Amino acid sequence: MAQMLDTYRPRGVRDVASDKFIAAYAAHLKAGDKLELPAWVDLVKTAPRKELAPLDPDWYYIRAASIARKVYLRQGLGVGLMRRQYGGRKSRGTCPERFEKSAGGLIRHILQQLEQLELVEKDTEGRKGGRRITGKGQQDLDLIAARLTKEMPEEEEEEEETAAPPAEE
1 MAQMLDTYRP RGVRDVASDK FIAAYAAHLK AGDKLELPAW VDLVKTAPRK
51 ELAPLDPDWY YIRAASIARK VYLRQGLGVG LMRRQYGGRK SRGTCPERFE
101 KSAGGLIRHI LQQLEQLELV EKDTEGRKGG RRITGKGQQD LDLIAARLTK
151 EMPEEEEEEE ETAAPPAEE
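Taken in order, the sequence shown gives residues 1 to 169; the numbers are from UniProt numbering.
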């Protein structure tokens, strides 16, 4: 058992920090010119509660990478659930804050773009539908994750291994 822990290297999307993976996959999508940016990308807000559009010029790629990662980790996600996951608190002045969902059209558009790239497909076998990752999509995301683990310094690997020691009984 101890030998396995010494030779174990994280290889999947779950094994890589989410912020690093999303940044790397967004750069991959942007470099490959895989996503078609809509004309309204610099004007649209990501949620009704927001006052301004995102300031980062690459925000569309970052959101697409985040959505692809969410679908990879949890099959059968739909637009409604993602609206709740990307939602947040709405400031109502002096009134108490309330939770408000994110914009659904933006999420739907990104999912349609990912479907055109054959990274995601509609889940017809599931109870409620939603989206699931395709074989090509899983291969693409695992490739980026494996590339990130190769670049990961030895110190970070040791920290990850010591952070969660296996329970031996």
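Quick reminder that beta carbons are idealized off the backbone N, C-alpha and C, glycines included.
The structure presented is a predicted model; accordingly, all values stated were derived computationally and were not measured.
| Check | Outcome |
| --- | --- |
| Would you mind sorting F21 into buried or exposed? The rule is 16 or more other CB atoms within 10 Å of its CB. | buried |
| Helix, strand or coil for R69 per DSSP? | helix |
| Assuming S91 and A47 are in contact, meaning their beta carbons sit under 8 Å apart, how far apart are those beta carbons, in whole angstroms? | 12 Å between Cβ atoms; not a contact. |
| Which of helix, strand or coil does DSSP assign to S91? | strand |
| Below 7 Å between beta carbons: does that hold for E77 and R131? | Rather than Glu, the amino acid found at residue 77 in this sequence is Leu. In contact: L77 and R131 (Cβ atoms closer than 7 Å). |
| For E100, tell me which candidate among I110, D123, Q113, Q85 has the shortest Cα-Cα distance. | Q85 |
| Quickly, what does DSSP pair V120 with across the bridge? List them, please. | I133 |
| Would you check if the distance between the CB atom of L114 and the CB atom of A68 is smaller than 7 Å? | yes |
| What number of angstroms, rounded off, separates the C-alpha of L148 from the C-alpha of G93? | 43 Å |
| Under a three-way DSSP split, which group does L35 fall into? | coil |
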